[in-house]
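Take 4 as the starting number for the sequence shown in this note's numbering and just add one per residue.
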Amino acid sequence: MSRPDLQQALATAASLPAASGRTRIPVLSVVIPLYNESGSLGLLHQRLSAALDTLPLEVGRRELVFVDDGSRDTTFAEVGMLRAQDANVKAIRFARNFGKEAAMAAGLRAASGDVVVLMDGDLQHPPELIAEMVTHWQQGASMVTAVRRSRDTDPWLRRQLSRAFYSLFKRVSEVALAEGGGDFRLFDRAVVDAINSLPERTRFMKGITSWVGFRQVEVDFEPEERAAGASAWSMLRLLRYAVDGLSTFSTLPLRVWSLVGLVMAAISGLYGGWLVVRTAIWGIDVPGYASIMVAVLFLSGIQLISLGVLGEYVGRIFTEVKARPLYLVAERIGFERQEPQA
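If you want it as structure tokens, here you go:
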């Protein structure tokens, strides 16, 4: 975010009216999942520290909780150097790569703040926006979500798939997602405690934050270019993430295939009855090796697809029943007490 943009964000934050009773933040936590972000850590810490120094509310204490999701570069070593310069820095290093969802869960469980900000470590989430988010919290919001309103810089196919996902999710899920809403959010302590109380292993944070409810507010933002490196989110990984979200928050696919089975059974029954009547009354033979093969192959395809859908849900059950930890921690920096594995 450029200097004019910073001034604009601060002016917007200052113009919002304050709510009674929220004039100070005793502890503010910023949770940042990391994966191979060594190239951006220095600039991230610099901009984040500057942004927190200009918040519209007094902050008693702040902590920056970095969660290294099994990086293969020098990310964790650089976080250690930041800790030597800034006592507010804390860090968790996973034993291996467990994924961003696990890293966010670990960070929220480790954060002790009365207000907790969750953001990415590649600087696509501008730290300067935190001031406006804090002011919305001051007004009484329990959760503030930064929403990306424009995707003009994304490839055409990715934009269309994103729109299709949000549209489908809205129709089949029990919760509604803000289109363009990502993981850049501010939470009140009550929201963090509610999220931390959820036991599931297959996590979809966008859905979880909508499911817990509370008073939620959206703020617009435009993501910046990555400070360094390239995104680890390929199209295949995004597709898998979408499937996880749909299967976690909707049972409609199971019901759809039950309906498909009923419809196919009804059509088959009617067609079979017609063939019996046709042969009995008019004596017309029904040769049809080709038609039989087409019908068999079609129904086999339907069955395989339905088995695949069932398999997704059975796989989720299998994951939950095993009750393996969501992540394993190899090392911690700056924590006085040991956080439990989860």
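The C-beta atom is built at its ideal place from N, Cα and C for all residues, glycine as well.
First and last residue of the alpha helix (DSSP H) that includes residue i?
i	result
residue 45	44-56
residue 142	133-142
For residue i, which of the options has the nearest alpha-carbon?
i	options	result
residue 365	147, 186, 127	What is shown of the chain runs 4 to 345, which leaves residue 365 out entirely.
residue 66	167, 333, 29, 207	29
residue 92	105, 64, 107	64
residue 185	311, 266, 223	223
residue 180	164, 210, 284	210
residue 216	227, 206, 191	191
residue 112	70, 149, 138	70
residue 130	316, 200, 44	44
residue 90	99, 61, 100, 52	52
residue 333	54, 58, 94, 207	94
residue 84	110, 121, 41	41
residue 152	166, 308, 143	166
residue 116	68, 142, 128	68
residue 59	202, 318, 31	31
residue 220	305, 189, 168	189
With a 10 Å radius around its C-beta and 16 neighbouring C-beta atoms as the bar for buried, classify residue i as buried or exposed.
i	result
residue 56	exposed
residue 10	With a pLDDT of 48 at residue 10, under the threshold of 50, the predicted position of this residue should be treated as unreliable, though the coordinate-derived value follows. Exposed.
residue 96	buried
residue 75	exposed
residue 329	buried
residue 140	buried
residue 196	exposed
residue 145	buried
residue 198	buried
residue 26	exposed
residue 213	buried
residue 310	exposed
residue 327	exposed
residue 337	buried
residue 49	exposed
residue 114	buried
residue 226	buried
residue 17	Low confidence applies to residue 17: its pLDDT is 43, below 50, so where it sits in the model is not reliable, and the reading given next is rough at best. Exposed: under 16 other Cβ atoms inside 10 Å.
residue 46	exposed
residue 132	buried
residue 318	exposed
Got a sec, what are the start and stop residues for the beta strand (DSSP E) residue i sits in?
i	result
residue 213	That residue, residue 213, is in no beta strand (DSSP E); its alpha helix (DSSP H) goes 208-214.
residue 194	Unbroken run through residue 194 is the alpha helix (DSSP H), 192-199; no beta strand (DSSP E).
residue 130	Neither: residue 130 is in no beta strand (DSSP E) and is coded neither H nor E.
residue 146	146-151
residue 335	332-336
residue 27	27-37
residue 220	219-224
Measuring only between beta-carbons, confirm whether residue i sits less than 7 Å from chain C.
i	result
residue 96	Of the protein chains in the structure, only one exists, and it is not chain C.
Exercise. Residue ranges of each beta strand (DSSP E) run of no fewer than 3 residues wholly in the stretch 49-118, ordered along the chain?
Worked result: 61-71, 92-97
Exercise. Is the stretch 29-42 touching the stretch 100-107, taking contact as three or more C-beta pairs under 8 Å?
Worked result: yes
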